[in-house]
Amino acid sequence: MTPVEIAALLNAVTVLGRLALEALTEMKTTGLTDEEIARTWAQMQARLDRADKLWRQGEVKAAND
Numbered sequence: 093m094t095p096v097e098i099a100a101l102l103n104a105v106t107v108l109g110r111l112a113l114e115a116l117t118e119m120k121t122t123g124l125t126d127e128e129i130a131r132t133w134a135q136m137q138a139r140l141d142r143a144d145k146l147w148r149q150g151e152v153k154a155a156n157d
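Residues in the sequence shown are numbered consecutively from 93, following the numbering used here.
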């Protein structure tokens, strides 16, 4: 991974962290129950995990090309 790619990845992680914190704060202020927040959070985590898996598959494919 090049320094530029590492910087881009760190920036993306920072942005995702901020968005996650904002989303959690928003959920708490809208009156959602803890169960609803946990379910929503799990759905967001599953989407992030899927995106990470697809990104890694593309990274491996690019390395093999």
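Each residue gets a CB set at the ideal place from its N, CA and C atoms; glycine is no exception.
Among the options, the one whose alpha carbon lies nearest that of residue i
i: E114; options: W133, N103, A99 and E97; result: W133
Neighbourhood of residue i by C-beta, 8 Å cutoff - its chain only, sequence neighbours within 5 removed
i: M136; result: A112 and A115
Alpha helix (DSSP H) segment containing residue i, residue limits
i: G109; result: P95 to T121
Cβ shell of residue i (< 7 Å), same chain only, five flanking positions each side left out
i: V105; result: none
Cβ shell of residue i (< 6 Å), same chain only, five flanking positions each side left out
i: V107; result: none
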